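Peer 1: Quick one: the structure is below, questions incoming.
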Amino acid sequence: MIIRSVRISEFGKLKDIEINFSDSLNIINGDNESGKSTVLLFILYMLYGLPTRKTAESSADKARSISWESSKAEGQMDVELYGKLYRISRSLKGKGSTSEVSVFDLETGK
């Protein structure tokens, strides 16, 4: 699977961010506290959701993931798998709720 792009609507301190990846090596560079680890956590969130087991690490990740302004975590990620393009959308609205996820084939819309 190749990650083509991520669109972060709201996630932690990040809002309205789009990152497009190239076919070669991609490096996310920035100052301390600029959101590099949050982008990585967003990619993990898109693939797996937020952890439901309560551990110190998972609680910290969940706290970092929820938008600081609206208590949401949502966005999209376009991926390529076996030559086909898919869009993964995930949304969590509220700290106690579970996330909703959908996967669309970008060619057929299904």
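According to the working numbering, the residues represented by the sequence shown are 1 to 110, in order. Quick reminder that beta carbons are idealized off the backbone N, C-alpha and C, glycines included. Being a predicted model, the structure only gives us computed values, none of them experimental.
(1) On the criterion of 16 or more Cβ atoms from any shown chain inside 10 Å, does S70 qualify as buried, or is it exposed?
(2) On the three-state DSSP scale, how would you describe S67?
(3) If you follow the alpha helix (DSSP H) that I19 is in, where does it begin and where does it stop?
(4) Are L92 and S102 touching if we call contact CB-CB under 7 angstroms?
(5) Any beta carbon of chain C sitting closer than 7 angstroms to that of I28?
(6) What residue does the alpha helix (DSSP H) around K72 start on, and which one ends it?
Peer 2: Walking through what the data contain:
(1) Looking up residue 70 in the sequence shown gives position 70. Classification of S70: exposed, given that the 10 Å Cβ count is below 16.
(2) Counting from 1 along the sequence shown, the entry for residue 67 is found at position 67. Residue state, collapsed to three classes: coil.
(3) Taking the first residue of the sequence shown as 1, we reach residue 19 at position 19. First-last for I19: L14 to N20, but that is the beta strand (DSSP E), not the alpha helix (DSSP H).
(4) Stepping through the sequence shown from its first residue, residue 92 is reached at position 92. Stepping through the sequence shown from its first residue, residue 102 is reached at position 102. Not closer than 7 angstroms, so no.
(5) No chain C is present in this structure, which holds just one protein chain.
(6) One-based indexing of the sequence shown puts residue 72 at position 72. Segment K72 to L81 is the beta strand (DSSP E) holding K72; no alpha helix (DSSP H) there.
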